[in-house]
Amino acid sequence: ASLASGDILHARRHFSVVASQKYAHHKEHFDARFNVAVCDARSGNLDKATQGFQALVDYSMVAGMDDEAGARKGPDFGRAWAALADVHLASENWNEAVENYELASIDDDADALHNLGYAAFRAGLL
Numbered sequence: 005a006s007l008a009s010g011d012i013l014h015a016r017r018h019f020s021v022v023a024s025q026k027y028a029h030h031k032e033h034f035d036a037r038f039n040v041a042v043c044d045a046r047s048g049n050l051d052k053a054t055q056g057f058q059a060l061v062d063y064s065m066v067a068g069m070d071d072e073a074g075a076r077k078g079p080d081f082g083r084a085w086a087a088l089a090d091v092h093l094a095s096e097n098w099n100e101a102v103e104n105y106e107l108a109s110i111d112d113d114a115d116a117l118h119n120l121g122y123a124a125f126r127a128g129l130l
């Protein structure tokens with residue numbers, strides 16, 4: 005299954021299998037959970053996407069992988085923080101978007117930096 009194919013529901017079902025707790029130790033578990041949340045966002049279910057990305061970033065803090073040393077050992081949690089920020093931006097939750105973009109490692113991501121600036125402007129922080 006591929007998100008690029010445009011069949012979001014099929015892709016979500018596919019990713020949901022590996023995202024299930026049964027496969028919690030599978031090397032692709034994080035990516036599958038991430039992709040389930042992406043499918044939710046693309047289908048317009050922003051609340052469900054927020055829950056999915058929030059669960060990933062919450063796990064990063066519990067696992068101690070939300071710092072630079074932890075990031076080298078595990079999944080790319082910065083990507084989850086940025087995706088969560090994108091969902092907050094789409095939901096017009098400006099302050100949450102700013103906070104999450106700042107927690108993501110977006111120093112070299114022009115689109116994310118632009119989105120951070122836009123969210124900060126809309127939040128009245130600029």
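Numbering of the sequence shown is given in the working numbering, commencing with residue 5 and proceeding in unit increments. Glycine included, every Cβ here is placed at the ideal spot set by N, Cα and C.
In this structure L88 is in contact with Q58, their Cβ atoms being roughly 6 Å apart against a cut-off of 8 Å.
The segment 13-21 makes contact with the segment 33-53; the number of CB pairs closer than 8 Å reaches 3 or more. The criterion of a C-beta distance shorter than 9 Å is satisfied by D90 and N119. In summary, F125 is exposed, with fewer than 16 beta-carbon neighbours lying within 10 Å of its beta-carbon over all protein chains present. For S64, the closest C-alpha among the options S47, R83, I110 and A53 is that of R83.
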